[in-house]
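Since the structure comes first, as structure tokens, the remarks are kept for the end.
Chains as they are written, first to last, in the working numbering: chain A, 73 to 437; chain B, 269 to 585.
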């Protein structure tokens, strides 16, 4: 078996809340893999660390202390490297009981070394699309110019005319009508869905190996959302690109993902094949995943006029992370036998079925 | 190859020109009314110390057209100006138009030069402190320096500079003309650029704009696609704010120019206006007011043109 395209291991990205004088542990030990030609969905509530994970992979965290540990192994046909290789030398951690209490980081040295490791990665190997596509495109450049820029930077085409042709080709592939006219349109003149198509064209035009889609449908109309998902699905089967799909929308995750990672409080709580994990009736499941699934409307529930179930309690406060299971305060499946462990010990990911891991004491014997 | 919004530019230009015409009309009217209502008239200055006979006085009044009604005077002035005739100076008896061109070019040189000085100092400081906002050690003193310069009154700075250049370097930076001593002309330009009180404001504005743009989503996209952040941030983060500052600060700098021109004996509009105001030299005052309004309007016209060129469809306001 070949190495996975992207292997994130024990990634930790913290921020410093100056007002509270404490760390925000946005990403606290995330590990996940994206294989070749595979789409891995990352799902979780707002603030669970999904987007920060993606930004950490891209090396785009700019406020301190940012990424402080872990490894991100990337292995495509052209590039094999750990994107955090040797960066731990710039960070000194003070830990007690396995928890980081203080960080001193040589920000400048880190940035310099990180830029060196990221050389030729951004845009060329890993491309990214975002939520809010209209704000993500430069309002002062026409859409065509922006795609052409990506082509000329990474597509190996420097001739202006050829690059333009290529950009037009991609506008066509993302099904933008009359690409010749749209080439000169500014983002303000296009709908949100069309802007997202242009973003996708821009991302894929340099033929990257990995696409990170950070909430690609958020902020779009429901009908447009569905069309964007269709487009991503189609392009995925055409190009065979690997995708790290981040969304809080379970239906989007369901339609696109091969495997799913559920994030809660900056850590993966469940990780496994999409079919198994997203099956609402399966028993082997983290209670957070179950709660997430119960909160999504589906045909059955609508017919039965059943109320949707909100998840009780607040999203985990990543400043004061409790010592035990992070979902302890909101969990509704705690049994008396494991209650003590849940409250005091952080469970490990445990394989409950082949390729399916859950972080819960119920599955630890 | 590059798509240039020529049509949008032409439209903006026409609109601005039309607006400028209306504005100039308004300015000239208001200035005229103020002059007309203000106490004192050119005759008292012209005939100071003389005891003219009633007949002589009446003759001068007819010659100057002062026996017309106020709107008649304004209309005949307007009519002449449209024909390129700005009248003759009451004091010197020379035609105003030629003199106006001469002094306005001198003031243009002083104004644009000092604007450049301000920008040359402010832009690097603003960019540096917006890019490296964390390294307070350098950006903070630089910003402080900007505030200190802004706090220096221009008349004080001018005299200090004269004192230093005379005693320290042995040259006297008072040029009576724009002849060979072009080096002398740099001194007033520097003084106005440093002392017009705009530097700290320009620094603060540019830094805020740049920092705001650097946090925009599309800059994140630029970084994620491996493109130059500079290329993407330049238009909104630097070009637009600079052109805005340029347009907004012209009136202030013209105001400062009056003082600097007085001190350095600079043959510009400010000095001429000062003199004309003392003499109640109506045609000169009117002409200078008109030219000053044209300068201000020109500044905002350039700003509008830059805005249109950068942003032909009004993507943002």
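All C-beta atoms, glycine included, are put in the ideal place defined by N, C-alpha and C. Every value quoted in this text rests on a predicted model; they were computed, and no experiment measured them.
Short of 8 Å in beta carbon distance, which residues of its chain neighbour residue 420(A), apart from the five on each side in sequence? Order them along the chain.
For the purposes of this step, residue 420(A) is taken as the residue at position 348 of the first chain. Cβ within range, chain order: 431, 436.
Tell me the DSSP secondary structure of residue 207(A) in three-state form.
Numbered from its first residue, the first chain carries residue 207(A) at position 135. Three-state DSSP puts residue 207(A) in a helix.
Could you work out which residue in 318(A), 259(A), 327(A) is closest to residue 114(A) when comparing CA atoms only?
On the first chain, residue 114(A) is found 42 positions in, with the first residue counted as 1. Out of 318(A), 259(A), 327(A), 318(A) has the C-alpha closest to the C-alpha of residue 114(A).
Let me see if you follow: with CB-CB separation under 8 Å, is residue 195(A) close to chain B or not?
On the first chain, residue 195(A) is found 123 positions in, with the first residue counted as 1. For residue 195(A), the answer is yes, since a Cβ of chain B falls inside 8 Å of its Cβ.
Residue closest to residue 275(A), alpha-carbon to alpha-carbon, out of 232(A), 223(A), 235(A):
Within the first chain, the letter at position 203 stands for residue 275(A). Nearest C-alpha to residue 275(A): 223(A).
Using the Cα positions of residue 446(B) and residue 453(B), report the straight-line distance between them to the nearest angstrom.
For the purposes of this step, residue 446(B) is taken as the residue at position 178 of the second chain. For the purposes of this step, residue 453(B) is taken as the residue at position 185 of the second chain. Its pLDDT being 48, under 50, residue 446(B) is placed unreliably by the model, and the measurement read from it follows with that caveat. C-alpha separation (whole angstroms): 8 Å.
CA-to-CA distance, residue 577(B) to residue 374(A), given in whole angstroms:
Position 302 of the first chain, counting from 1, holds the residue named residue 374(A). Position 309 of the second chain, counting from 1, holds the residue named residue 577(B). So the alpha carbons of these two residues sit roughly 53 Å apart.
Only counting the same chain, and skipping five residues up and downstream in sequence, which positions put a Cβ closer than 8 Å to that of residue 235(A)?
Translated into the one-based positions of the first chain, residue 235(A) becomes position 163. Counting only Cβ-Cβ distances below 8 Å, and skipping sequence neighbours, we find 220, 223, 224, 227, 229.
Examine chain B for any beta-carbon lying closer than 8 Å to the beta-carbon of residue 279(A), and answer yes or no.
As a first step, residue 279(A) must be located in the first chain, where it is residue number 207. Using a Cβ-Cβ cut-off of 8 Å, residue 279(A) does not count as an interface residue toward chain B, since no Cβ of chain B sits closer than that to its own.
In chain B, which residues lie less than 8 Å from residue 408(A) when you measure between Cβ atoms?
In the first chain, counting from the first residue as 1, residue 408(A) sits at position 336. Proximity of chain B to residue 408(A) at the Cβ level (cut-off 8 Å) is not reached, the minimal Cβ distance being about 48 Å.
Residue 342(A), enclosing beta strand (DSSP E) - first and last residue:
Along the first chain, one-based indexing puts residue 342(A) at 270. Counting along the chain, the beta strand (DSSP E) containing residue 342(A) begins and ends at 339–345.
Beta-carbon proximity of residue 88(A) to residue 172(A), cut-off 8 Å:
Residue numbering aside, residue 88(A) sits at position 16 when the first chain is read from its first letter. Residue numbering aside, residue 172(A) sits at position 100 when the first chain is read from its first letter. In this structure, the beta-carbon distance from residue 88(A) to residue 172(A) does not fall below 8 Å.
Compute the distance between the beta-carbons of residue 378(B) and residue 534(B), then report whether it is under 8 Å.
What you label residue 378(B) is simply residue 110 of the second chain in a count that begins at 1. What you label residue 534(B) is simply residue 266 of the second chain in a count that begins at 1. In this structure, residue 534(B) lies closer than 8 Å to residue 378(B) by Cβ.
Would the region 355–362 of chain B and the region 536–555 of chain B be scored as touching if the rule is three or more Cβ pairs under 8 Å?
In the pairwise beta carbon analysis, the region 355–362 of chain B is classified as touching the region 536–555 of chain B: at least three pairs are separated by under 8 Å.
Going along chain A in order, which residues have a C-beta closer than 7 Å to the C-beta of residue 500(B)?
For the purposes of this step, residue 500(B) is taken as the residue at position 232 of the second chain. Within chain A, 210 have C-beta atoms less than 7 Å from the C-beta of residue 500(B), given in sequence order.
In the DSSP assignment, find the alpha helix (DSSP H) that holds residue 429(A) and state where it starts and stops.
Within the first chain, the letter at position 357 stands for residue 429(A). Membership of residue 429(A) in any alpha helix (DSSP H) is not indicated; the residue belongs instead to the beta strand (DSSP E) covering 428–430.
Given a threshold of 16 other Cβ atoms within 10 Å of its Cβ, counted over all protein chains shown, does residue 335(A) qualify as buried or as exposed?
Mapped onto the first chain, residue 335(A) falls at position 263. With 16 or more Cβ atoms within 10 Å of its Cβ, residue 335(A) is classed as buried.
Candidates 524(B), 537(B), 303(B): closest to residue 418(B) by CA position
For the purposes of this step, residue 418(B) is taken as residue 150 along the second chain, with counting starting at 1. Nearest neighbour of residue 418(B) by Cα position, chosen from 524(B), 537(B), 303(B), turns out to be 524(B).
For a contact meaning CB atoms closer than 7 Å, what does residue 504(B) contact in chain A?
Against the second chain, residue 504(B) aligns to sequence position 236. Per Cβ cutoff of 7 Å: 212.
Just list the beta strand (DSSP E) runs in the region 155–206 of chain A, keeping only unbroken ones of 3 residues or longer that don't cross its boundaries, in chain order.
For the region 155–206 of chain A, the continuous beta strand (DSSP E) assignments of 3+ residues that do not extend past its boundaries occur at 163–168, 171–177, 198–201, in sequence order.
Pull up the distance between the alpha-carbon of residue 176(A) and that of residue 186(A), whole angstroms please.
The count along the first chain starts at 1 and reaches residue 176(A) at position 104. The count along the first chain starts at 1 and reaches residue 186(A) at position 114. Each residue's alpha carbon lies about 17 Å from the other.
Quick one: residues in its chain with C-beta nearer than 8 Å to the C-beta of residue 361(B), no 5 flanking neighbours on either side, listed in chain order?
For the purposes of this step, residue 361(B) is identified with residue 93 of the second chain, where counting begins at 1. Setting aside the 5 residues that flank it on each side, residue 361(B) has no residue in the same chain whose C-beta is closer than 8 Å to its C-beta.
Within the 8 Å Cβ cut-off, does residue 396(B) reach chain A?
Counted from its first residue, the second chain places residue 396(B) at position 128. Judged by the 8 Å Cβ criterion, residue 396(B) is not in contact with chain A.
Which residues in chain B sit within 9 Å of residue 204(A), going by Cβ to Cβ distance?
If you number the first chain from 1, residue 204(A) lands on position 132. In chain order: 485.
Touching by the beta-carbon criterion (3+ pairs, under 8 Å), the region 497–512 of chain B and the region 475–482 of chain B
The region 497–512 of chain B vs the region 475–482 of chain B: in contact.
List, in chain order, every chain B residue whose beta-carbon is nearer than 9 Å to that of residue 132(A).
Here residue 132(A) refers to the residue found at position 60 when the first chain is read from its first residue. Near residue 132(A) (Cβ distances below 9 Å), the residues of chain B are 488, 491, 492.
Residue 446(B), DSSP secondary structure in three states
Here the question's residue 446(B) lines up with position 178 in the second chain. For residue 446(B), the predicted structure reports a pLDDT of 48, less than 50, and the residue's modelled location is therefore unreliable. A value from the coordinates is still provided. Coil at residue 446(B), not helix or strand.
Taking 8 Å as the threshold (beta carbon to beta carbon), is residue 579(B) in contact with chain A?
For the purposes of this step, residue 579(B) is taken as the residue at position 311 of the second chain. Yes, residue 579(B) counts as interfacial toward chain A.
Against residue 495(B), what residues of chain A qualify as contacts under a CB-to-CB distance less than 8 Å, listed in chain order?
As a first step, residue 495(B) must be located in the second chain, where it is residue number 227. Simply 195, 221, 222, 225.
So residue 199(A) contacts chain B; which residues on that side make the cut at Cβ distance below 8 Å?
Position 127 of the first chain, counted from the start, is the residue given in the question as residue 199(A). Neighbourhood of residue 199(A) in chain B, by CB distance below 8 Å: 492, 493, in chain order.
Compare the C-beta of residue 173(A) against all C-beta atoms of chain B and say whether one is closer than 8 Å.
Here residue 173(A) is taken as the residue at index 101 of the first chain, counted from 1. No, its Cβ sits nowhere closer than 8 Å to a Cβ of chain B.
Tell me whether the region 279–287 of chain A and the region 231–248 of chain A touch, counting them as touching only if at least three CB pairs, one residue from each stretch, are closer than 8 Å.
Contact annotation: the region 279–287 of chain A does not touch the region 231–248 of chain A, with fewer than three C-beta pairs closer than 8 Å.
Pick from 292(A), 312(A), 339(A), 256(A) that is closest to residue 279(A), judged by C-alpha positions:
In the first chain, the residue the question calls residue 279(A) occupies position 207. Here the closest residue by C-alpha is 312(A).
Just how far apart, CA to CA, sit residue 544(B) and residue 414(B)?
By one-based count along the second chain, residue 544(B) stands at place 276. By one-based count along the second chain, residue 414(B) stands at place 146. About 35 Å.
Residue 268(A) vs residue 292(A) beta-carbon contact at 8 Å:
To locate residue 268(A), count along the first chain from 1; it is residue 196. To locate residue 292(A), count along the first chain from 1; it is residue 220. Residue 292(A) sits close to residue 268(A), with the two beta carbons spaced by under 8 Å.
Which class does residue 265(A) belong to by DSSP, given the choice of helix, strand or coil?
Sequence index remark: in the first chain, residue 265(A) carries index 193 (1-based). Residue 265(A): helix per DSSP, three-state reduction.
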